[in-house]
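Order-wise, the sequence lines are chains V and P.
Everything in the first sequence is counted per this note's numbering, starting at 1 for the first residue and increasing by one.
Everything in the second sequence is counted per this note's numbering, starting at 1001 for the first residue and increasing by one.
Worksheet for the structure shown next.
Number of protein chains: 2
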Amino acid sequence: MNERTLNDSDGDRSLAIVCGGGSLPYALADAAVRRGRRVVLFALRGWADPQRVAAYPHHWSWVGQIGRLLQLAEKEGCREIVFIGSIVRPARRHLFVDIRAIWMLPRLFRLLKGGDDHLQSGLGRIFEERGFRLLAPHEVAPELLMPRGPVGGRMPNDRDSADIAKGIALLHATSPFDIGQAVVVANNHVLAVEGPEGTDQMLGRIVELRSNRRIRAPLGTGVLVKAPKDGQDHRIDLPSIGPKTVEGVKAAGLAGIAVVAGQTIVADHARMAEAADQAGVFVVGVDTNGIVP
Amino acid sequence: MNERTLNDSDGDRSLAIVCGGGSLPYALADAAVRRGRRVVLFALRGWADPQRVAAYPHHWSWVGQIGRLLQLAEKEGCREIVFIGSIVRPARRHLFVDIRAIWMLPRLFRLLKGGDDHLQSGLGRIFEERGFRLLAPHEVAPELLMPRGPVGGRMPNDRDSADIAKGIALLHATSPFDIGQAVVVANNHVLAVEGPEGTDQMLGRIVELRSNRRIRAPLGTGVLVKAPKDGQDHRIDLPSIGPKTVEGVKAAGLAGIAVVAGQTIVADHARMAEAADQAGVFVVGVDTNGIVP
């Protein structure tokens, strides 16, 4: 540890990036490096991609090794931490809580009994009590946030806009129940509400419903709508979309994707626009009330 | 047609039973016959079971053959009609709307654009305008309704009761969006919200989530909670459960089933109790506020 890591100026301090799955962690790391920051990746075993992690200073740990993570982050001179990437709720046997975290075990198990919100905001508090500042990915790199309006050349039509409004209203209604952040609405029908299976598997269900002729919405109708839960800790779990989401939406025969502008993370806007145009679907950032700008 | 079919006394009039899938239509027909009524089954092709239908006076028709159905019901002297059994929203190509129904085509297509509620209450109105009285299955046979309290020997424990209350509250919240009538809640986590796939397939998802270790609730925890939508036409689409539901719940590793007492149909209480006890799950009728009596 040298003097610089103790310096308080933003550009000098090292940033700890706790990395889940997907490509977002590396988009964030690159954005931080472009701003002249040093990054240290804390790659979560089973979620982070070893090949991509290898390109940065990094440490591996299990999801439950909070004690090790905090100690290493301190040693690396990181006072700011950002969580990014997908972490599906881990199985208890994968937690491998280490001995240094033994003091927080009762709290962890209490958190694990709550919904995902509790788990995530609870973890945030644990870090803050140890003197770390928990940042939202978009505090580090605002360019990762979804803008208002379309990304790519397509726009929702009137029927899509009605489906989007219904989807956002439904997500507000289910928000207090701490369930998924995504629904599919087609021609005014709710086709799916996301549970612990995640967005990709929910989209797979639409494919199945179509092949079983359980839904009548013709190909090219219907919208995947995503929104953060009301009151969710935006530093830890903003919804995100990427080219893989576009692929899933295309395979499900939907017209497009609507997310809340400024409250959704998109790793690479240019690549997203390209993927959307190639798939012939729209990707649009809407207002929190579900209105398409 | 003889004089008796025109008689107005309840026991004498013939009852038209429009039959979807499952065993409920025959439980209802038997209950009506026990009361001394003549029944005529209008079996829906693709849904009703030909072997079971054959035991009663019957006519077959496609879902869309409303004109034919009304004409035959009049000929048979039926002034009262009851809809029972599962009818998953039919594919448009299965409707085969007949020429006698041509006058109601615009209305039908408008109905098909709405949610299931619209479709069902709309169909009810069409029958009533033609002079038929639409009855709820439990107006014909109150013994088909789920009672308050347990059917079978098991009761929900405190954790199950909390899951039940959460499930009922969630169903109230999603009710205005015209989606499924069932959810699964385990240890305070919402594991699934039913969409057009139906209860059986939703339960299949729990099996999959368990095998993918996406959920941590141990075997024997979690409740399938069913409730009618608020403001739903109870004459047409009360939720129902049967021994097959018990099998699905057992396979999903849940603790039991909670439904709203007096607003859920159970074909055969004795058989249900036996199936529940054999599977080691509870089946309980709760109050509309989700409280276990």
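Ideal Cβ positions, reconstructed from N, Cα and C, are used throughout, including at glycine.
Annotation for Gly1204/P: the continuous alpha helix (DSSP H) segment containing it runs Thr1199 to Ser1211. The contact set of Phe177/V on chain P, defined by CB atoms closer than 8 Å, consists of Lys1166, Ala1169, Leu1170, Ala1173 and Val1190 in chain order. If you draw a straight line from the Cα of Gly167/V to the Cα of Arg1037/P, it comes to about 47 Å. Here Leu1028/P is buried, its C-beta having at least 16 other C-beta atoms within 10 Å. For Ile1215/P, the neighbours in chain V by C-beta distance under 7 Å run, in chain order, Pro196. Among the residues facing chain V, Arg1205/P is included, as its CB has a counterpart in that chain under 8 Å away. When C-alpha distances from Pro57/V are compared across Gly253/V, Glu247/V and Asp30/V, the shortest belongs to Asp30/V. As DSSP reads the structure, Pro150/V sits in a beta bridge with Val284/V. Leu1015/P has its alpha-carbon roughly 11 Å from the corresponding atom of Glu1074/P. Here the C-alpha atom of Ala136/V lies approximately 11 Å from the C-alpha atom of Leu144/V. Going by C-alpha positions, Arg148/V is about 12 Å away from Val266/V.
In the three-state reduction of the DSSP assignment, Leu145/V falls in the strand class, which pools E and B.
Here DSSP, grouped into helix, strand and coil, assigns Gly256/V to strand. Distance check between Val39/V and each of Pro50/V, Gly46/V, Ala48/V and Val18/V places Val18/V closest, using alpha-carbon atoms only. Glu194/V carries a coil assignment under DSSP once its states are collapsed to helix, strand and coil. For Phe127/V, the three-state secondary structure derived from DSSP is helix. Of the candidates Arg1205/P, Ser1175/P, Asn1157/P and Pro1176/P, the residue whose Cα lies closest to the Cα of Val1281/P is Asn1157/P. Asp163/V sits buried, since 16 or more C-beta atoms from the chains shown fall within 10 Å of its C-beta. In the structure shown, Ala16/V adopts extended strand secondary structure according to DSSP, grouped into three states.
Using beta-carbon distances, Leu254/V does not count as an interface residue toward chain P, since no partner is under 8 Å. In terms of beta-carbon proximity, Leu209/V lines the interface with chain P, with at least one pair separated by less than 8 Å. For Ala1162/P, there is no enclosing beta strand (DSSP E); the residue is part of the alpha helix (DSSP H) that begins and ends at Asp1158 to Thr1174.
Annotation: Cβ neighbours of Val1193/P in chain V (cutoff 8 Å, chain order): Thr174, Ile179, Val193 and Gly195. Less than 8 Å divides the Cβ of Pro1228/P from the Cβ of Gln1263/P. As DSSP reads the structure, His1059/P sits in a beta bridge with Phe1042/P. Excluding residues up to 5 positions away in sequence, Gly253 lie with their Cβ nearer than 6 Å to the Cβ of Leu219/V in the same chain.
If the five residues before and after Met202/V are omitted, its C-beta is found closer than 6 Å to the C-beta atoms of Ala192 and Glu194, all from its own chain and listed in chain order.
Assigned with DSSP and collapsed to three states, Val1053/P falls in helix. The three-state reading of DSSP puts Arg34/V in helix, counting H, G and I together.
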